[in-house]
Amino acid sequence: MGFRKLFYMGLEPYEGRYTLQLQEWSERAFKRKGIDYVVVPGETIDNTKAISVGQVLDAHGRSYFGMSQLMNLVQMMRNGDVTGEDVVFFEDMFQPGIESLPYIMDQIPVEQRPRVWIRCLAQAIDPDDFVHVWGMSKWMSLYEEMCNEFVTGVLASNEEMVANMKVANWKAPLYNVSGLAFDKGEVQERVNNNIKPWAERANRVVFAARWDQEKQPDFYMDIAEQYADTGVEFAVLQGGPLRSNDQKYIDRANSLAQKGILTLHENLKKEQYYDIVNDSKVLFNCALQDWTSNTVSEADALGCNVLFPAYRSFPEVFANDHTRMYIPWSVDDAADKLNRLLEAPSMNLGKISDWTNGTIDRYIDIMSGEGEQWRRDSVDYRNYTSQSKY
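For the sequence shown, the residue numbers in my numbering are 39 to 428.
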């Protein structure tokens with residue numbers, strides 16, 4: 039099937055989020071695969087590269103960038119630069135202004151309608167998603183329904199997400215790309231390809247997710263209190279100021295920091311964040327909301343052990359490696375696994391980031407018509423869940 043040209047609808051860059059590198063990661067893959075592509079530009083609302091309102095992305099900034107980007111895409115379509123032989127790829131299916139595409143495409147000849155692919159990063163059906171915290175779930179589910187009516191296909195990051203799409207009665211063709219966009223080489227370049235030897239690393243455990251309710255920061259703080267006075271440092275790494283959708287998490291973190299139980303690192307630049315991870319032994323994640331986490335790939339690429347709950351997508355991400363996953367909510371099991379991961383690097387260290395390093399290639403293959411093995415429309419989609427991907 040193939041395509042003539044790919045029109046790339048990226049995300050605005052934030053210093054504290056993976057979006058800072060997302061376009062570069064994608065462009066490297068496009069060039070490596072010989073793809074003719076156009077980066078559709080968007081205008082940022084300011085030059086801070088910071089999130090000031092909201093959680094995942096800045097509420098005003100995401101809207102401003104997305105709508106300006108759509109304006110540019112619509113102009114390209116009107117000028118005839120975008121044709122029915124082309125693909126428009128959205129890094130995030132939540133794109134303010136996207137409703138203009140079906141409105142336009144229903145009124146132009148079929149041969150002028152590009153194929154539209156969207157990447158799903160979160161769903162309204164997820165009971166732990168932030169849309170429920172803010173009361174957005176009702177209209178967000180209707181937004182998802184609209185997208186399903188006109189897109190060529192949806193790219194999910196794991197098998198569990200596909201299962202939830204099925205439960206939500208999504209209609210568009212569904213594909214599991216088994217991972218988030220990632221470029222292992224680019225991440226390692228940011229520490230000058232100098233991965234710190236295990237014996238020289240600080241006896242440190244780091245938490246790198248947002249400090250929000252759906253990331254279960256209380257559980258991390260429970261673990262940190264268990265290790266008080268043991269010589270193990272527990273740190274929180276944030277790309278901006280410590281913010282949360284519930285003040286109680288900030289209050290508790292500040293209290294533990296005053297007691298020397300928790301170390302808070304705020305306003306980290308990306309290189310600073312990578313330097314700390316490259317000097318730590320374990321990255322700990324306790325989010326029951328994550329579908330797949332960029333932090334697991336980053337830490338794995340930087341020689342840092344990773345410990346995540348055996349929940350949702352993580353068995354797939356970890357290829358069912360029981361030594362690096364714990365029973366959700368079990369402090370005892372988490373501590374037992376953590377003790378072992380503080381002693382020595384995992385024998386499987388590096389394999390996760392090797393696998394996710396090929397995620398963008400899988401996107402391209404699917405959009406080119408060469409990745410039908412990743413399609414999940416049949417009733418046996420659950421059979422894929424237990425299969426290790428690498």
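In this text, a Cβ means the ideal position worked out from N, Cα and C, and glycines have one as well.
Problem set entry | For C324, the nearest candidate out of S138, F245, E271 (CA to CA) | F245
Exercise. What residues in its chain sit with their C-beta under 6 Å from that of D188, if we drop five residues either side in the sequence?
Worked result: The displayed chain sequence assigns Phe, not Asp, to residue 188. For F188, where only same-chain residues beyond five positions count, the Cβ hits under 6 Å are P140.
Exercise. Can you pull the DSSP bridge partners for P347?
Worked result: Y364
Problem set entry | Beta-carbon spacing of L212, R70 below 8 Å | no
Exercise. Taking the DSSP output, what are the residues bridged to G217?
Worked result: In DSSP, G217 forms no bridge with anything.
Problem set entry | Residues bridged to H303 [DSSP beta-bridge criterion] | L275
Exercise. Under three-state DSSP, which class holds I314?
Worked result: helix
For this session: Tell me, please, whether the stretch 233-248 touches the stretch 268-276 by the rule of three or more beta-carbon pairs shorter than 8 Å.
Result: yes
For this session: Return the first residue and the last residue of the beta strand (DSSP E) that V244 is part of.
Result: 242-245
For this session: Determine the extent of the beta strand (DSSP E) in which I156 is found, giving its start and end residues.
Result: 153-157
For this session: Report the rounded CA-to-CA distance for G341 versus P279, giving the unit in angstroms.
Result: 26 Å
Exercise. With DSSP run on the structure shown, which of helix, strand or coil describes V78?
Worked result: coil
Problem set entry | Same chain only: Cβ atoms within 8 Å of G40, ignoring 5 sequence neighbours per side | S406, G407
Exercise. For L380, which three-state DSSP category applies?
Worked result: helix
Problem set entry | Where L180 sits in the DSSP three-state scheme | helix
Exercise. Within the chosen definition, does the stretch 199-213 reach the stretch 170-188 through at least 3 CB pairs nearer than 8 Å?
Worked result: yes
Problem set entry | Closest residue to R42 among L306, G72, D260, A162 (Cα-Cα distance) | G72
Problem set entry | Buried/exposed call for T268, threshold 16 Cβ in 10 Å | exposed
Problem set entry | Spatial neighbours of M115 in its chain, beta-carbon cut-off 7 Å, leaving aside the 5 residues before and after | I142
For this session: Determine the contact status of V229 and I404, defining contact as a CB-CB distance below 8 Å.
Result: no
Exercise. Measuring CA to CA, which of M105, V120, I156 is closest to V148?
Worked result: V120
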